[in-house]
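Worksheet for the structure shown next.
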Amino acid sequence: MCILPGKSPYSKPRKLAIGGRTMRYEEDGFDPTPYDRILGGIHTPAREEETETVQELKDFENEVQETSEIDSKECDYIEVQEDYEVERISQIDDKEVIAEDTALIQEVPAPVSVTAEKLVYLDGEMLVSSLDYTEVTGRGPVRITVEEDILVPDIKPDMEKILSMEAVARVAEREVKTGLSPKPDMVITGDIALKTIYIPEKEGKDPIITIQSRVPFKTETGMEIPPLSSVGIGAGIEKIEYSVINERKFRAKITLLLTLREYTKKSLDLFEGIKDEKVELLKEKITLIDNIQKKRDSVSINERLVLKEGMPEPEQILKYDLRTVENSKQVTGDKAVISGSIYYNILYLSRVEDEETGERISTPFMHQGKTDFTQFITLSSANGQFGAKVTFDDSDLTIKIRQPGAGTASEDDDYEEDFERDEREPKTPYFAMEGNLEVAIEVFRNVESEVATDMYCIDKELTFETEDFVSDAVEGTGSVEIQAREIVNVPDGTGDVDRVIFVSGKVRDCDSVSEYGKENVSGMIEAEMIVLPEDKKEKPVKLNFSLPFRGNIDIAGARSGMESFAYAVIRDIRCEKISGRQFELLLGISARGIVKSTSEKRLIRKPAFAVREESGEKKPGMILYVTKDGDSLWNVAKKFRTTVEKVVRVNGLDEEHTLESGRKLLIVK
C-alpha cells in the first residue's frame, strides 16, 4: 500500500529531534495518523520537550510494516516519497530506541529471498564440549527352557508322587567385560540345583524322601556387547513343571529367566557455537542418569540357627527356603554400610515317639527364623550421589545339621568370642547357615547440563541437521513394608488338616504406577503349604494359593505418567491354623521403587552455511509484528534475524515473558 500525500495550504514548519539530531520539516499536508495508530498500538509514553533547532533532511524514508506473518517474497509496507512530519518514538527503559539505531532513518536492507546454490559444512569449525557418563541399559530378559529326565538314585525307594520341587540357578560368570573391541555373541552357561521331595510308594522309615540333582544349561544370546562395556548377569527361576514317568524316573521342566544389565561408557557431544561467527543459540536443560560406580563384595555367613524351646532336634533336612532382605543402607564418601536380614524356613525330619504305639518314628517339622548381617563396601568415590541400588545373591548359602562340639565360629573371631560361643554350645544337633552372601551395590546420580537445540545467524543463512536424544532422570526412590493377611481354605477333596509342616512363597508379578507424590505397588504372591492330614493314614499334601498385595511408596518427585519400577521380596511368611479347613496366612513384604522422568531433545548436528544468490528484493528496517499462538521470544527473534535481547529491550519485556496471541511487537532491524 503506497500513500502519496499532497501539500496542504494549512501546513506550517515543524521541528523534530531524532537520535540527537534536530531536523526541520515543512507542513505539506502529510497526515501522520497511520503512523500514530501503529506506534500507539505498542506504547506511547509522554513526550519530552526538545529545544528547537533547524536542520535540513533530504530523501528520508521510513518503512513500517504491521503483519502477523512476514513472508520473504510478499511484504506490505508504507512508503512516503515526499517530505513529511515524523513523531519521535519516546524512551523505553531510559534508552532511546531510534537514537540507538541510526539505520532507522535510512533505508535498511533486510535478508532477501534467495535460491540455495550449495551448502558449506562447518564440521571443522564447530565448538564442541563433551559430557561423559555411564549408561545402564536393561537387555533381555532371556528365557531358557531346560528339560531333564532324572533317575531316582538306587538307594532311594520307589517314587509314588512328587510333593514339591525347588530350584536355584547359578551362572558361571556373573559379569562379562569387553575391551577396545566388541564381543559379537555372548554365551551364558551355568547350572540349576534341584531339590525334589517325594512320597515313596511303600511306607518305610521316612514318610518323605528328598533327591538333590544338578542340571547344566547353556545359551547363545546373539547379543553384541559394545567396546568398553560390561554386562551383569542374573538368573532366576520363573516356572517349574514336573511329572512322574515311572517309579524310578521323573521329568523336570524349568523356565529360567536371565536378566542382563549393560553398563556402557558414553560421551555426549554438546554444540557450543561456530568458530569466529556470532551465532544465536537456544539452550535447554537436560538431565541424565550417570552410574557412578558398581561394586560387588561378599560377606561370610557362619551362624547357628537355634531351635525354639520344645522343638525336636533335627535328623535330616528335606528342604529350606532363603530370602535375603535389605534393612537399611548408608552411602557416604568412600564407603557404603549395608544391613540386612536372611529369613529362612526349614522342613526337616526328627524322630519322635508315637502317641499310640510308643515307637520312635520319623516325623516332619518346620523351623523358621532369621539372622542379621552388616556389610561394609569400600567405594572409590560417592560424592554427589543421588541414590544406590543394592542386590543380594544367596545361592552359595546352605543350611546343614551340625553335631554338638563342631563349632561354627569364623576365623576372624577373637579368643574371647570363641570362649563365649563355647559356653553357649548346644548340647544337641542344631542347624548352621554357612557360605558366602554376595552383596552388589550400584551408585548413581543425576547429571544436569545445557544443550543447544536451535540456532541462527543474523548475518548469514545457516542450516543444520538434528539428532533426537532421549534421557532419563531419577525423580525419587523409596521403600515400604507391606503387611498382608489372607484367609485360605482347604480345597474340597482334601481331608481336614492337622498342621502345616512347611510354608513358602515367591513374588511372581510386581507392577507399579506413578501418581502425584507416590508410587502404587501391587502384585501377586504364589504361596505353597505342605500339610499333614488329621487322618494318620493319609500322606502329606501340598496346597497352592495365589495372594494379592498392594502398597504405596512415598516419593516426593513422583508425578502421574512418569516411568516407575518396583521390586518386592517376601520378608516373612507364617501360617496360623484357624480350623482343620481354614488357615490364616501372614506375610511381610518389602517393596522398593524408583520413579524416572523421560525427556527428548533435538541436538544440533552438521551445521552449514547456505551460499545463495540475492534476488534484489528488500525488506523494511522496522516492523510491527502481531503474535500468534505458539510464538515465543526466540521464534520471533529468529524469524526476523534479530536478537531476543533487542526484542525485549525495544518492547519493554523481560526474557521470561510469555507471549500471548495478538500482542504487537516492534521489531527493529
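Just so you know, we're using the working numbering here: the sequence shown kicks off at 65 and counts up by one.
Positions of the beta carbon are idealized from the N, C-alpha and C atoms, including for glycine.
- A Cβ-Cβ separation of about 16 Å leaves PHE456 out of contact with VAL507 under the 8 Å criterion.
- By the Cβ neighbour-count rule, ASP187 is exposed, with fewer than 16 other Cβ atoms within 10 Å of its own.
- At the C-beta level, LEU650 and ARG549 come within 8 Å of one another.
- Remark: fewer than three beta-carbon pairs, one from each stretch, lie closer than 8 Å, so the segment 624-639 and the segment 665-676 are not flagged as touching.
- When secondary structure is reduced to three states using DSSP, LYS703 falls in the helix class.
- For VAL216, there is no enclosing beta strand (DSSP E), as DSSP marks it with neither H nor E.
- PHE335 and MET190 have their C-alpha atoms spaced approximately 7 Å apart.
- If you keep only unbroken beta strand (DSSP E) runs of at least 3 residues inside the segment 644-727, you get 646-678, 686-690.
- In the three-state DSSP reduction, GLU189 falls in the helix class (H, G or I).
- ALA622 sits in coil when the DSSP states are folded into three classes, being neither helix nor strand.
- Counting along the chain, no beta strand (DSSP E) covers VAL370, and no H or E run does either.
- The Cβ atoms of PHE528 and MET519 sit closer than 8 Å to each other.
- Fully enclosed beta strand (DSSP E) runs of no fewer than 3 residues occupy 313-338 of the segment 298-350, in order along the chain.
- For GLU377, the three-state secondary structure derived from DSSP is coil.
- For MET250, there is no enclosing beta strand (DSSP E), as DSSP gives it neither H nor E.
- With a cutoff of 8 Å on beta-carbon distance, ILE301 and ALA257 are scored as not near each other.
- No Cβ-Cβ contact shorter than 8 Å links ALA316 with GLU224.
- Straight-line spacing of the CA atoms in LEU697 and LEU346 works out to 11 Å.
- In the DSSP annotation of this structure, the continuous segment of the beta strand (DSSP E) that includes GLY542 starts and ends at 526-553.
- For TYR384, the closest C-alpha among the options LYS349, MET229, ARG234 is that of MET229.
- Beta-bridge partners of THR438 (DSSP): SER403.
- Under the three-state reduction of DSSP output, GLN432 falls in the strand class.
- Remark: C-beta atoms of GLU498 and GLY559 do not approach each other more closely than 8 Å.
- For the pair TYR689 and LEU729, the CB atoms are nearer than the 8 Å cut-off.
- Boundaries of the beta strand (DSSP E) harbouring ASP457: 451-457, taken from the DSSP string.
- In the DSSP assignment, SER445 falls outside any beta strand (DSSP E), carrying neither H nor E.
- DSSP places GLY587 in the uninterrupted beta strand (DSSP E) bounded by 582-597.
- Taking 8 Å as the cut-off, the Cβ atoms of ALA630 and SER576 count as close.
- Per DSSP, MET287 lies in no beta strand (DSSP E) segment and is marked neither H nor E.
- ASP354 is positioned such that its CB atom lies no closer than 8 Å to that of SER405.
- Here the segment 370-381 lies against the segment 411-429, with 3 or more beta-carbon pairs under 8 Å apart.
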